[in-house]
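For the sequence shown, the residue numbers in numbering that gives the first Met the number 0 are 0 to 140. Below is one structure, written out as structure tokens, with a few remarks after it.
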Amino acid sequence: MSDERHQHEAACHCGRVKFRVRLADEFNTIRRCTCSYCRMRGAIAVSADLKDIEFVEGEDNLTLYQFNTRTAKHYFCRTCGIYTHHQRRSNPNQFGINVACIEGISPFDFPEVQVMDGVSHPSDSGTGPKIAGILRFDPTK
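Structure (structure tokens):
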């Protein structure tokens, strides 16, 4: 059985880390998070299953950062420092892919992005993920 989902080319800023990814539901899962780390990082992520990422170059150039429960795994290019992806704490079977790393895509292409309540993480509260709000971007202002 073939997978007919679009395969996206992606890379870090310097190009040392290159990968291909099939997104779980294209850009319909795009979101930000309010946890302390994501607030400082400021990236917008989209979902991909663990099996749907393939490193073309530079997987050995990635470095790992973990904090708090050490469940989530945040990966960065050790040369340019760009966050490429992370294995999610809310769903360890998925990666969050940095939208800005996907070829031809900009985080500013999306006028509205859901903001997930990472401060009250579902793994801590025992409830499902909560939407904290919507981030709106108006390119005319």
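Beta carbons: idealized from backbone N, C-alpha and C, even for Gly. Here the structure is a predicted model, which means the values were calculated and not measured.
Below 8 Å on the Cβ atoms is my contact criterion, and I expect residue i with residue j to pass it. Report the Cβ-Cβ distance as a whole number of Å.
i	j	result
I162	H7	One cannot answer for residue 162 here, as it falls past the ends of the chain, which runs 0 to 140.
V16	C76	5 Å
T83	L61	7 Å
A44	N90	Rounded, the Cβ-Cβ distance is 12 Å, inconsistent with contact.
A99	A10	Contact flag wrong, Cβ pair sits at about 10 Å.
For residue i, which three-state DSSP category applies?
i	result
F144	A question about residue 144 goes unanswered here, because the residues of the chain that appear run from 0 up to 140.
F66	coil
R88	coil
F94	strand
F109	coil
C76	strand
Kindly list the residues whose CB is nearer than 6 Å to the CB of residue i, restricted to its own chain and excluding five residues on each side of it in sequence; keep chain order.
i	result
H12	C79, I81
P106	I43, V98, A99
S46	A23, T28, Q93
Grab me the residues of residue i's own chain with a C-beta within less than 7 Å of its C-beta, minus the 5 sequence neighbours each way, in chain order.
i	result
H85	A71, K72, H73, Y74, F94, G95
D48	A23, N92, Q93
D51	V20, R21
What does the Cβ neighbour count give for residue i, buried or exposed, with the cut at 16 atoms within 10 Å?
i	result
F18	buried
V112	buried
G14	exposed
M0	No answer about M0 holds up, because its pLDDT of 48 lies below 50 and its placement is not dependable.
D59	exposed
G57	buried
D108	exposed
Grab me the residues of residue i's own chain with a C-beta within less than 8 Å of its C-beta, minus the 5 sequence neighbours each way, in chain order.
i	result
F66	Y36
> Taking only runs of the beta strand (DSSP E) that begin and end inside the region 1-51, which ones reach a length of at least 3 residues, in chain order?
Replying inline: You should have 6-10, 17-21, 30-32, 44-48.
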